[in-house]
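Below is one structure; the comments refer to it alone.
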Amino acid sequence: MATDRIPGSIQAMPGTGVIHDIGYQSYEGRRLGRLAIVTALCLHSLRSAFGFGRGVKAKIVPALTFVIMCAPAVINAVAMALNHDHARLVSYDTYVGTLRVLVTLVFVAAQAPELVARDLRSRVLPLYFARPIRRSDYPTAKYAAFVLACLAMIDLPVLLLYIGTILQVHGGSEVWAQTRAAVPGLLVGLMWAVLLAAVGLALASVSGRRAFSTGSVAIFLFLTWTLVGVLSRISVTSSGGSSASGPGGVVRVTGAAHLFGLVSPFTVLDGVRQWLGGTSPGIVSAPGRYGVAYGVMLLVFLGASLAGFFLRYARTDVG
Amino acid sequence: MTADRVDETGRQRPGPRNGRPPAPVIETTALTRRFGTSVVALDELTVQIGPGITGLVGANGAGKSTLLKILLGLLAPTSGAANVLRLDTVRQAERIRALTGYMPEHDCLPPDVSATEFVTHMGRMSGVPPTAAKERAAESLRHVGLYEERYRQIGTYSTGMKQRVKLAQALVGDPKLLLLDEPTNGLDPAGRTAMLDLISRIGGEFGISVVVASHLLGEIEQICDHLVAVDGGRLLRAATISSFTQASQVLAIEVDEGSDLLAAELARHGLEPVSRGRELLVRIAGDATFDVVRDAVAGLGLPLNRMEQRRHRVEELFRDPAEHAADAGTQQTRRRDPSVQPTGAADGH
Numbered sequence: 012m013a014t015d016r017i018p019g020s021i022q023a024m025p026g027t028g029v030i031h032d033i034g035y036q037s038y039e040g041r042r043l044g045r046l047a048i049v050t051a052l053c054l055h056s057l058r059s060a061f062g063f064g065r066g067v068k069a070k071i072v073p074a075l076t077f078v079i080m081c082a083p084a085v086i087n088a089v090a091m092a093l094n095h096d097h098a099r100l101v102s103y104d105t106y107v108g109t110l111r112v113l114v115t116l117v118f119v120a121a122q123a124p125e126l127v128a129r130d131l132r133s134r135v136l137p138l139y140f141a142r143p144i145r146r147s148d149y150p151t152a153k154y155a156a157f158v159l160a161c162l163a164m165i166d167l168p169v170l171l172l173y174i175g176t177i178l179q180v181h182g183g184s185e186v187w188a189q190t191r192a193a194v195p196g197l198l199v200g201l202m203w204a205v206l207l208a209a210v211g212l213a214l215a216s217v218s219g220r221r222a223f224s225t226g227s228v229a230i231f232l233f234l235t236w237t238l239v240g241v242l243s244r245i246s247v248t249s250s251g252g253s254s255a256s257g258p259g260g261v262v263r264v265t266g267a268a269h270l271f272g273l274v275s276p277f278t279v280l281d282g283v284r285q286w287l288g289g290t291s292p293g294i295v296s297a298p299g300r301y302g303v304a305y306g307v308m309l310l311v312f313l314g315a316s317l318a319g320f321f322l323r324y325a326r327t328d329v330g
Numbered sequence: 082m083t084a085d086r087v088d089e090t091g092r093q094r095p096g097p098r099n100g101r102p103p104a105p106v107i108e109t110t111a112l113t114r115r116f117g118t119s120v121v122a123l124d125e126l127t128v129q130i131g132p133g134i135t136g137l138v139g140a141n142g143a144g145k146s147t148l149l150k151i152l153l154g155l156l157a158p159t160s161g162a163a164n165v166l167r168l169d170t171v172r173q174a175e176r177i178r179a180l181t182g183y184m185p186e187h188d189c190l191p192p193d194v195s196a197t198e199f200v201t202h203m204g205r206m207s208g209v210p211p212t213a214a215k216e217r218a219a220e221s222l223r224h225v226g227l228y229e230e231r232y233r234q235i236g237t238y239s240t241g242m243k244q245r246v247k248l249a250q251a252l253v254g255d256p257k258l259l260l261l262d263e264p265t266n267g268l269d270p271a272g273r274t275a276m277l278d279l280i281s282r283i284g285g286e287f288g289i290s291v292v293v294a295s296h297l298l299g300e301i302e303q304i305c306d307h308l309v310a311v312d313g314g315r316l317l318r319a320a321t322i323s324s325f326t327q328a329s330q331v332l333a334i335e336v337d338e339g340s341d342l343l344a345a346e347l348a349r350h351g352l353e354p355v356s357r358g359r360e361l362l363v364r365i366a367g368d369a370t371f372d373v374v375r376d377a378v379a380g381l382g383l384p385l386n387r388m389e390q391r392r393h394r395v396e397e398l399f400r401d402p403a404e405h406a407a408d409a410g411t412q413q414t415r416r417r418d419p420s421v422q423p424t425g426a427a428d429g430h
C-alpha cells in the first residue's frame, strides 16, 4: 500500500510500479497435509464446474442446464397439485430419458473442459505438481469434483421431484412408497455421474484448446448415442418391424440387436439400470439376457476413461 | 564447496564463517538423467549448493531445467542421487516440495482470474489454510510489487507483471528454498534490473536460499554469491563469484605506437602479455603488475592512451572446457591459455 512507504527503501521501476521494502515475514502457522490440499482442489474445481469464482458468462451454461433439468420436477408438482388423482407423472429412475441425455451431454461437454482444459491451456500444471501433492492427486481431485457436479445436476432434480411428490400425497405409507421408489432413482443418478464424469474428463483432457476439448466430448457422446438409434432403426426395418423408433422410444428387438446399445455410454447406463431391476421404460430396450454385457461395458467405459485420464497426467511432459 | 557459511536452518544468508563445515542446501551425486537412449540431459553431475543465491548457468539445453525438475522430485534420475534440504528427491519429494518454491521458465498463469485469487489458490495448494492463504497472497504480491493491479485479471498484465505473479506464487508458501528458472525471460532491460533486485532482496533480506537458472551469465553475475556452470549435462565449474572474478582480473593497455616493443618489454618482466586488436592484455598479479607496466611504458617513452583494469566475464567459462579443474588450478590454466582474453561479449563494460 502506498502508506507503507519507507523513505530510502523504494526502488523505482519504470513503467511497472514500485517495490516497497516492508520487511518479509515468514509463515509460522499451521500447514495442512496432502488430504486437505486435495480436498481444497476438489472444492475449488467443483465451484468452477458451476462457474462460481468466474465471470457471469461462465455461469450461463450450468445455470441454464440445471433449470431445464428441473423443469419436469416442477411441472410434475404443479400437475399433481391441480389433478386430484395424485399420480406422479415422472419416474424416479429414468426421470425424462431423452431430456436427461441431452442436458447431461451439454453440461458434461461444456463444463468438463472448465475443470481440465483451462489448466492444460494455461500450462499451470507444473505449479500444481511442484506442490506437496502427488501426480495422481490432481486427476483424483478433478474426478471427484466432476462426479459431485454431475451428481448435483442429475440427482437434485430427482430430489426436487421427490419433494414435490410427497407434498401432494397423503399418509405415511404413501410417503414411504415414494421414498422407496426414489432411492433407486438417486442411485441411478450416481451411476450416471460416476461414468459420465470419467468419460467427460478423459475426452476433455485430450486438448487444452477449449473448442477441441468440448468438441471431443460432445461429438463422442452425441455420435455414439445417435449411432445406437440408427442401428436400432436398421435392425427393426430389416427384420420387418414397423415400430422403429430412435432414442427415447421403446423398440422391441430380438437377438443381436440388443447389443447395439453397448455403443453409447447413455444406453449402456440405461441398459444396466434395467438389468439391475429398473422397470420404467428407458432410452434403450430392456437388454434381457444380454444384461451382463451392459454391466461389463459399463466397467469397460469407466476403466478405459479413468485409465486414459490418469495416464494423461502421468506423462512427464505435462508437468 | 560453493558454500562459505551455513546455519542450522539454511534460512539465513551466509554470515561470518563459524568454523563448522558448510551444510549444502542442494547436493547431487553422479546425477544422470537420460531421455530415451540417445539424449543425456544430465551426465554424472556432482555438485553442492549452499545457502544464499546461487546461479545455475548454462546454454539452452545444458540440463538446467532437468536438474530443477529432479530437485523437485518431478523427474526421477536415471542414476545417481540428489538431496534438497537434506531430503532425498525420490523418497521425500513431497516434503521437499512443501519447503520449496518453484518458478517455471514458461508462461504458467491462467488469464481469466485475478492475481489475488490465483496466488491465494496456489497458497492453499501449498498447504496454507484459507484465511492465512489470503494474507500470504496479499503479502507475496506486495513484496513483488503488485498493488491495486492485483485485483485485475492476469490476462491484462504486462510480461513484467506476469513474471512477478509467477514469483509471488512461488513465495506464497513461505519456502526455505526458491528454484527460479530463467526469471528474466522476456523482460525489457528495466524489467530485468527490477527482477534481479527482487531476487537479490529475497536471497538477502528474506533469508531464502535461491537457485537461479539462467543462460544470461552477465545477469547472474550481478546477484549471485555462488555460481554453478553446467554444459551438456556436466558440471563445468562451481565456485563463489568472488573467487572466480578475482582469478580473472586483467589490465588492458593501449599505446598509440610501439605496441610490439612494449609487449617484448613486458614479457621480459614475465607478464605474458596478449595482444588483441590495439590492446595489450596482462593478467594482474598484484600492485607490482601496475608498477611494471608503468615503468615499461615510461622507459620506452611510448604515448600511453589508456590503461584499464578489467574483469573477465562469466561467459568465458564456456570458452575453455579444460577449466573443469578446481578453483586453485584455474589461475594457472588461464594464464597460459590465450582464450581467456576478454572478447566482444565481455567488452560491454
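For the protein sequence lines, the chains are A and B, in the order given. Residue 268 in the numbering used here sits at position 257 of the first sequence, with consecutive numbering throughout. Residue 345 in the numbering used here sits at position 264 of the second sequence, with consecutive numbering throughout. Where is the CB? At the ideal position from N, CA and C, for every residue including glycine. Because the structure is a prediction, the values reported are computed rather than measured.
### Query
Is G136(B) helix, strand or coil when you go by DSSP?
Residue state, collapsed to three classes: strand.
### Query
Residues of chain A with CB under 9 Å from A213(B), in chain order?
Correct list: Y38, G40, R41.
### Message
Using CA atoms only, rank isn't needed, just tell me which of L316(B), A348(B), K215(B) is closest to T110(B).
### Response
Selection L316(B), A348(B), K215(B) evaluated against T110(B) yields L316(B) as nearest (Cα-Cα).
### Beta-carbon contacts of T265(B) that lie in its chain and below 8 Å, excluding the five residues immediately before and after
For T265(B), where only same-chain residues beyond five positions count, the Cβ hits under 8 Å are Q244, G272, R273, M276, L277, S295, L297, E300.
### Query
Looking only at its own chain, which residues have a Cβ that is under 7 Å from the Cβ of S316(A), when we skip the five neighbours before and after it?
If we look at S316(A) and ignore the five residues flanking it on each side, its Cβ neighbours are A209, V210, A213.
#### Entry: A92(A) (DSSP reduced to helix, strand or coil)
A92(A) falls in the helix class under three-state DSSP.
### Query
Based on Cα-Cα distance, which residue from L260(B), E286(B), L268(B), L343(B) lies nearest to S146(B)?
Minimum Cα distance to S146(B) is reached at L260(B).
### Query
Since C305(B) meets chain A, which of its residues come closer than 8 Å, beta carbon to beta carbon?
Residues of chain A passing the Cβ test: none, with the nearest at roughly 19 Å.
### Message
I'd like to know whether the C-beta of G144(B) is nearer than 8 Å to at least one C-beta of chain A.
### Response
So, not an interface residue.
### Query
Which whole-angstrom value is the C-beta distance of L362(B) and V355(B), which I expect to be below 8 Å?
In this structure L362(B) is in contact with V355(B), their Cβ atoms being roughly 5 Å apart against a cut-off of 8 Å.
### Task
May I ask you to verify whether the segment 36 to 54 of chain A touches the segment 232 to 241 of chain B, counting CB pairs closer than 8 Å and requiring at least 3?
Contact between the segment 36 to 54 of chain A and the segment 232 to 241 of chain B is absent, with fewer than three C-beta pairs closer than 8 Å.
### Query
What is the DSSP secondary structure of I177(A), counted as helix, strand or coil?
Residue state, collapsed to three classes: helix.
### Any beta strand (DSSP E) of 3 or more consecutive residues that is wholly inside the segment 329 to 366 of chain B
You should have 330 to 336, 355 to 357, 360 to 364.
### Message
Rounded to the nearest angstrom, what separates L156(B) and R65(A) at their Cα positions?
### Response
So the two alpha carbons sit approximately 33 Å from each other.
### Query
Which class does N164(B) belong to by DSSP, given the choice of helix, strand or coil?
N164(B) falls in the strand class under three-state DSSP.
### Query
Of the residues that make up the segment 134 to 151 of chain A, which ones have a beta carbon closer than 9 Å to any beta carbon in chain B?
Per Cβ criterion, the list reads R134, V135, L136, P137, L138, Y139, F140, A141, R142, P143, I144, R145, R146.
#### Entry: Contact list for P185(B) against chain A, beta-carbon separation under 9 Å
Below the 9 Å Cβ cutoff, chain A contributes R134, P137, L138, A141 as neighbours of P185(B), in chain order.
#### Entry: DSSP state of D169(B) mapped onto helix, strand, coil
Of the three classes helix, strand and coil, the one that applies to D169(B) here is strand, per DSSP.
### Message
Less than 8 Å between CB atoms is the rule here; does G429(B) satisfy it with respect to chain A?
### Response
Confidence is the limiting factor: at G429(B) the pLDDT is only 35, short of 50, which leaves the residue's position unreliable, though a coordinate-based value still follows. Interface annotation, G429(B): not in contact with chain A, CB-CB separation never under 8 Å.
### Task
Under 8 Å by Cβ, that's how I've got M184(B) and D262(B) pegged, so tell me the actual separation to the nearest angstrom.
Rounded, the Cβ-Cβ distance is 6 Å, consistent with contact.
### Query
Is the segment 160 to 171 of chain B touching the segment 198 to 214 of chain B, taking contact as three or more C-beta pairs under 8 Å?
Too few Cβ pairs lie closer than 8 Å, so no.
### Query
From G154(B) to L136(A), what does the alpha carbon distance come to, in whole angstroms?
Roughly 15 Å between the two C-alpha positions.
### Query
Mind checking whether D124(B) and G314(B) have CB atoms under 8 Å apart?
For D124(B) and G314(B), yes; Cβs fall inside 8 Å.
### Query
Going by the beta-carbon positions, is the gap between S216(A) and F61(A) smaller than 8 Å?
S216(A) places its beta carbon 8 Å or farther from that of F61(A).
### Message
Short of 8 Å in beta carbon distance, which residues of its chain neighbour E338(B), apart from the five on each side in sequence? Order them along the chain.
### Response
The residues L383, P384, in chain order, have a CB closer than 8 Å to that of E338(B) in the same chain once the five nearest residues on each side in sequence are set aside.
### Query
Listing by chain order, which chain A residues have their CB less than 8 Å from the CB of V209(B)?
Y38, G40, R42, L43, listed in chain order.
### Cα-Cα separation, V295(A) to L309(A)
Cα to Cα, V295(A) sits roughly 15 Å from L309(A).
### Uninterrupted alpha helix (DSSP H) stretches inside the segment 87 to 137 of chain A (no shorter than 4 residues)
You should have 108 to 132.
### Task
Would you mind telling me which residues of chain A sit closer than 8 Å to P192(B), beta carbon to beta carbon, in chain order?
Simply S133.
### Query
Based on the DSSP output, what are the partners of I151(B) in its beta bridges?
Note: I151(B) sits in no beta bridge, so no partner.
### Task
Can you grab the Cα-Cα spacing for the pair Y324(A) / L201(A), in whole Å?
Each residue's Cα considered, the two are about 25 Å apart.
### Query
Would you report the Cα separation of E198(B) and T237(B), rounded to the nearest angstrom?
C-alpha separation (whole angstroms): 15 Å.
### Message
Using 8 Å for Cβ pairs, my map puts L172(A) next to N87(A). What's the rounded Cβ distance?
### Response
Distance from L172(A) to N87(A) at the Cβ level is roughly 6 Å; contact confirmed, criterion being Cβ atoms closer than 8 Å.
### Task
Below 7 Å CB to CB, which residues in the same chain sit around T151(A) once its five sequence neighbours on both sides are set aside?
Here T151(A) has V49 as same chain residues with Cβ atoms under 7 Å from its own Cβ, once five neighbours each way along the sequence are excluded.
### Task
Determine the DSSP secondary structure at A111(B), reduced to helix, strand or coil.
Assigned with DSSP and collapsed to three states, A111(B) falls in strand.
### Beta-carbon proximity check, G182(B) vs G254(B), cutoff 8 Å
Yes; because the gap between Cβ atoms is below 8 Å, this pair is in contact.
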